[in-house]
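Let me begin by presenting the structure, written as structure tokens, before commenting on it.
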Amino acid sequence: MLILKNKDLTDNDVTDFDIYQNRRKFMKNAAGVGIAAATGLPLIEANAKAVKSPYSTNEKLTDYEDITSYCNFYEFGTGKSDPANNAHTLVTSPWTVTVEGECEKPGKYNLEDLLKTVSIEERIYRFRCVEGWSMVIPWMGFPLADLIKRMKPTSKAKYVYFETLHDPKQMPGQKRAVLDWPYTEGLRMDEAMNPLTLLGTGIYGKDLLNQNGAPLRLVVPWKYGFKSIKSIVKIHFSETQPVNSWQKANKNEYGFFSNVNPQVSHPRWSQRKERRIGQFRKIKTQMFNGYEKQVAALYKGMDLKKHY
Ligand code: MTE
122 MLILKNKDLT DNDVTDFDIY QNRRKFMKNA AGVGIAAATG LPLIEANAKA
172 VKSPYSTNEK LTDYEDITSY CNFYEFGTGK SDPANNAHTL VTSPWTVTVE
222 GECEKPGKYN LEDLLKTVSI EERIYRFRCV EGWSMVIPWM GFPLADLIKR
272 MKPTSKAKYV YFETLHDPKQ MPGQKRAVLD WPYTEGLRMD EAMNPLTLLG
322 TGIYGKDLLN QNGAPLRLVV PWKYGFKSIK SIVKIHFSET QPVNSWQKAN
372 KNEYGFFSNV NPQVSHPRWS QRKERRIGQF RKIKTQMFNG YEKQVAALYK
422 GMDLKKHY
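For the sequence shown, my numbering begins at 122 and goes up steadily by one.
What follows is the structure in structure tokens.
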């Protein structure tokens, strides 16, 4: 976000889209419903057999190639193509997630074991970056709420925050002090428990690629993309509101809530419009990225201009 490169992408997502739609039809007919990681399938199969969700949009999908090559993942460089070029150094298996803080089930969890207890769904969400570009992404994943319930947060747990892996050997971008590593992000507990909030495990029926935050990332579709933290190794329940990486870097430009809001401009970018990657014409940005019905109640009584 410090550096914005305008890579011009072409409007050629038709082929991928058709193949994907056909595969989805095939999967639906062949597999029926309910097959997911909870059945003990390896993740790669669970992602491919993800169950459809009523929360999905039917808008035109962004091309797989664009989703996986136009990325923000500063641990691998600040250019849009750096993550795809450099993230092969990240080792995603085995992967441990540490759960700590205000909960009854803290511990170090092997990701494979955690995933045995969840059902993988397909969620097609709009994804809006604060830089002014957007995508429509068919995520595979499961509600964060499912994992939180299992960890039994105490009554003191008002917020939950997340950390990305911190290992400059695997993430060479961390050798530079671009951000205060590790990358951290947080949500208020009611935001974390909202059924839209997802822990992503895949895209287009395939396991997440490293550049998109493998093996586990957050997806919060009504907030600017930087809230959707990648390659999560820690989940912490806390009583106090955490400070996220971008707030630490520049509190005048980035806030804690960071809900998509076309009325509130970022100091460097108007948020009224956005450019869908793969399309030429800009479109109007929607309040809460179009998820107003599901999430507006969370912010009742708050001045959304102040609570950026
Ligand atoms: N998570 C980590 N750990 N590091 C990052 O640099 N970038 C954020 C977010 N999560 C980032 C991150 C930003 S600014 C955006 S827009 C999204 O990831 C981009 O996700 P994508 O590259 O999969 O589209």
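Note that beta-carbon positions come from the ideal geometry of N, C-alpha and C, so glycine has one too.
Note that the coordinates shown come from a computational prediction; the quantities given were computed from them, not determined experimentally.
Can you name, in chain order, every residue of its own chain whose Cβ lies under 7 Å from the Cβ of residue i, other than the five neighbours on each side?
i	result
Met314	Ala266 and Ile269
Asn231	Pro215 and Thr217
Lys173	Glu243
Thr305	Tyr282, Phe283, Glu284, Pro363, Asn365 and Ser366
Phe434	No answer is possible for residue 434: the residues shown for the chain start at 122 and end at 429.
Lys394	Lys403, Ile404, Lys405 and Thr406
Tyr412	Leu317, Pro342 and Trp343
Asn168	Ile241, Met261, Thr322, Gly323, Gly326, Lys327 and Asp328
Please state the DSSP three-state secondary structure of residue i.
i	result
Tyr185	helix
Ile165	helix
Glu180	coil
Ala418	helix
Phe263	strand
Lys201	coil
Met148	Confidence at Met148 is low in this model, with a pLDDT of 44, below 50, so the placement of that residue should be treated as unreliable; the coordinate-derived value is given next. Helix, per DSSP.
Gly155	In this prediction, Gly155 scores a pLDDT of 33, lower than 50, which makes its location untrustworthy; the coordinate-derived value is nonetheless stated afterwards. Reduced to three states, the DSSP call for Gly155 is coil.
Tyr191	coil
Lys426	coil
Lys237	coil
Lys273	coil
Glu196	helix
Name the DSSP bridge partner or partners of residue i?
i	result
Val220	Gly228 and Ile356
Ser255	Arg249 and Arg397
Tyr280	Arg309 and Ser359
Excluding five sequence neighbours on each side, which residues of the same chain lie with their C-beta closer than 8 Å to the C-beta of residue i?
i	result
Val385	Gln392, Leu425, Lys426 and Tyr429
Arg338	Leu320, Gly321, Leu329, Ser349, Ile350, Lys351, Ser352 and Ile353
Val257	Thr178, Glu180, Lys181, Leu182, Thr183, Ile245, Tyr246, Arg247, Phe248 and Arg397
Can you give me the Cβ contacts of residue i inside the same chain, cut-off strictly under 6 Å, excluding the 5 residues immediately before and after it?
i	result
Met292	Glu196
Lys344	Ser379 and Asn380
Lys355	Thr219 and Glu284
Lys421	none
Examine the ligand NAP and report whether any of its heavy atoms sits within less than 7 Å of the Cβ of residue i.
i	result
Lys277	This structure lacks the ligand NAP; the ligands present are the ligand MTE.
**Request:** Ignoring anything shorter than 4 residues or poking outside the segment 283-334, list the alpha helix (DSSP H) runs there in chain order.
**Result:** 310-314
**Message:** So within the segment 330-414, which uninterrupted beta strand (DSSP E) runs reach at least 3 residues, ignoring any that extend past its ends?
**Reply:** 338-340, 353-359, 394-397 and 403-405
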